[in-house]
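The letter at position 89 of the sequence shown is residue 88 when you use numbering that gives the first Met the number 0, and the numbering goes up by one with no holes.
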Amino acid sequence: MKPENEEIREIRCEDENSVERLSVGETVYYKFHRHGSVGEDAEFEIEKEEVLSHESSETEYIHIEKMKKPEWTGGDAERGKWFFKARRLGTTRLTVRILFRFEVESECTVKIVVE
């Protein structure tokens, strides 16, 4: 685990050639968006979990004030982070899918190289 004062790096999937290089033991995160009441969601798949593992997830409501007013809609919009840890030397792929009403709207894959 990284020291508390050291920031955890964000990884992104910007195009089909996205590559991220990590060190063994490094923790990184990937941002996602979810809005369950309208059918927006996200999921990920790790090709080789012995190289990269999912450690935890964090989410927070974007419009917390809407959660307190039953007549308002859209209060369940969330932003989140998935945290991953580089376990051992090797190469894997992290595939992120953006879903709308359970159907894949888009998909992007990041090549992860653990050095």
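All C-beta atoms, glycine included, are put in the ideal place defined by N, C-alpha and C.
Inset, instruction - Buried or exposed for Glu19, please, with buried defined as at least 16 other CB atoms from any protein chain shown within 10 angstroms of its CB. - result: Position 20 of the sequence shown, counted from the start, is the residue given in the question as residue 19. Buried, by the Cβ-count rule.
Inset, instruction - Report yes or no: do the segment 31-38 and the segment 93-104 share at least 3 C-beta pairs separated by less than 8 Å? - result: Yes, the segment 31-38 touches the segment 93-104.
Legend entry - Per-residue burial, Glu111 [other beta carbons within 10 Å of its own, 16 or more giving buried]: The residue given as residue 111 occupies position 112 in the sequence shown. Checking the displayed sequence, the identity of residue 111 turns out to be Ile instead of Glu. Classification for Ile111: buried.
Legend entry - Proximity of Glu9 and Val27 at Cβ, strictly below 8 Å: What you label residue 9 is simply residue 10 of the sequence shown in a count that begins at 1. What you label residue 27 is simply residue 28 of the sequence shown in a count that begins at 1. Taking 8 Å as the cut-off, the beta carbon of Glu9 is found closer than this to the beta carbon of Val27.
Legend entry - Beta bridge counterpart(s) of Arg128 as assigned by DSSP: The structure shown does not extend to residue 128, since the chain is modelled only from 0 to 114, so the question has no answer here.
Inset, instruction - With DSSP collapsed to three states, give me the class of Gly118. - result: This structure cannot settle anything about residue 118, because the visible part of the chain is limited to 0 through 114.
Inset, instruction - Drop a sphere of 10 angstroms on the beta-carbon of Thr91, count the other beta-carbons inside from all chains shown, and report buried for 16 or more, exposed for fewer. - result: Within the sequence shown, the letter at position 92 stands for residue 91. Counting of Cβ neighbours within 10 angstroms places Thr91 among the buried residues, the total reaching 16 or more.
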